[in-house]
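> Per numbering that gives the first Met the number 0, residue 0 is the first one in the sequence shown, and the count goes up by one each step. Sharing a structure, written as structure tokens. Questions coming.
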Amino acid sequence: MNTQLGTIIKFLESQGEVHSVSNPKVLTLNNQAAMITVGKQYFYKIQNSMTTSNTGGNTVAQNEIIDSVFAGILLDITPEISSDGTITLKINPSLSDTINPVTSDNINRTMPPDLERRQMASVVTVKDGAHVILGGLITDRTNNSTYKVPLLGDIPLLGNAFRFEEISKDKIELVIIVTPHLVKSQHALTLKDLGYNHLSDHQVTNSQ
């Protein structure tokens, strides 16, 4: 961590509790989008029925389709490199969360969970190695906690006098720090370098 980034982290810590959600590194080409996702996939079943008619009557066929929705952080970044070496970043972060508590391994779910989504779009121009800071994606979270005296709190009826519930509300803000770096190749890239390994050597030579 460089000095400038360390100063940014210390400032955020002075505003409240800070947790690092993810620290990914991605490599992409000029004008090509890079995608980062951090979260969970919630699966659910869709029941389909199809009725067919024939001489013997109607036949109903049922089948299940497994589908899913994503909840978490999704970050889409597209860089555009100028001739002077500056980098224009199109940054589109999205934050989604389930409205009600959901068990992620509930394979018998027949309806997708309700989601709340917050997203933003920004275009910034920075130098190689400079930091871009994005904030403002705020989530309100309510926590219910139950405290009780051991044994006494479990007594029917009378146990209510030995336990209490606490409701706390927290505001959580997602802060995204993006640091672009130009990767300068020492040789001219070929189509094979970009992953087109199915092309023959003759095709690659003719395309250069």
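Glycine included, every Cβ here is placed at the ideal spot set by N, Cα and C.
Quick check on I98: buried or exposed, where buried means 16 or more other Cβ atoms within 10 Å of its Cβ?
Exposed: under 16 other Cβ atoms inside 10 Å.
> Alpha carbon to alpha carbon, how far is K126 from Q46?
So the two alpha carbons sit approximately 52 Å from each other.
> Leaving out five residues on either side along the sequence, give the residues of the same chain with a beta carbon under 8 Å from the beta carbon of S180.
The sequence as given places His at residue 180; Ser does not occur at that position. So the qualifying residues of the chain are D127 and G128.
> Three Cβ pairs or more, each shorter than 8 Å: is that satisfied between the segment 115-123 and the segment 159-171?
Too few Cβ pairs lie closer than 8 Å, so no.
> Kindly indicate the opening and closing residues of the beta strand (DSSP E) around F163.
R162 to V177 is the span of the beta strand (DSSP E), which, as asked, contains F163.
> In the DSSP assignment, the beta strand (DSSP E) including E115 goes from what residue to what residue?
L114 to Q118 is the extent of the beta strand (DSSP E) around E115.
> Which of the three DSSP states, helix, strand or coil, is assigned to K24?
Looking at K24 - three-state DSSP - the assignment turns out to be coil, as it is neither helix nor strand.
> Using a 10 Å radius around the Cβ and a threshold of 16 neighbouring Cβ atoms, would you call V32 buried or exposed?
Residue 32 is actually Ala in this sequence, not Val. By the 10 Å Cβ count, A32 comes out exposed.
> Shorter than 8 Å from the beta carbon of L73 to some beta carbon of chain B?
Among the chains in the structure shown there is no chain B, since it carries only a single protein chain.
> What number of angstroms, rounded off, separates the C-alpha of T178 from the C-alpha of M110?
The straight-line gap from Cα to Cα measures roughly 39 Å.
> For the segment 168-176 against the segment 132-150, are there 3 or more C-beta pairs whose distance is under 8 Å?
Because the criterion of three Cβ pairs below 8 Å is met, the segment 168-176 and the segment 132-150 touch.
> Which residues in the same chain have their Cβ closer than 6 Å to the Cβ of M34, if we skip the five residues on either side of it in sequence?
Excluding sequence neighbours, M34 sits near D75.
> Could you work out which residue in P149, E16, N30 and T36 is closest to K24 when comparing CA atoms only?
The option with the nearest alpha carbon to K24 is T36.
> Quick check: the Cα distance between L136 and L11, rounded to an integer number of angstroms?
Rounded to whole angstroms, L136 to L11 spans 15 Å at the Cα level.
> Using DSSP's beta-bridge definition, name the partner residues of E79.
For E79, which the question treats as bridged, DSSP gives the partners T87.
> Please name the residue in T87, H18, K147 and D83 whose C-alpha comes closest to that of N122.
The identity of residue 122 in the sequence shown is Val, whereas the question assumes Asn. Comparing Cα positions, the closest option is T87.
> Can you grab the Cα-Cα spacing for the pair S93 / Q40, in whole Å?
Rounded to the nearest angstrom, the two C-alpha atoms are 15 Å apart.
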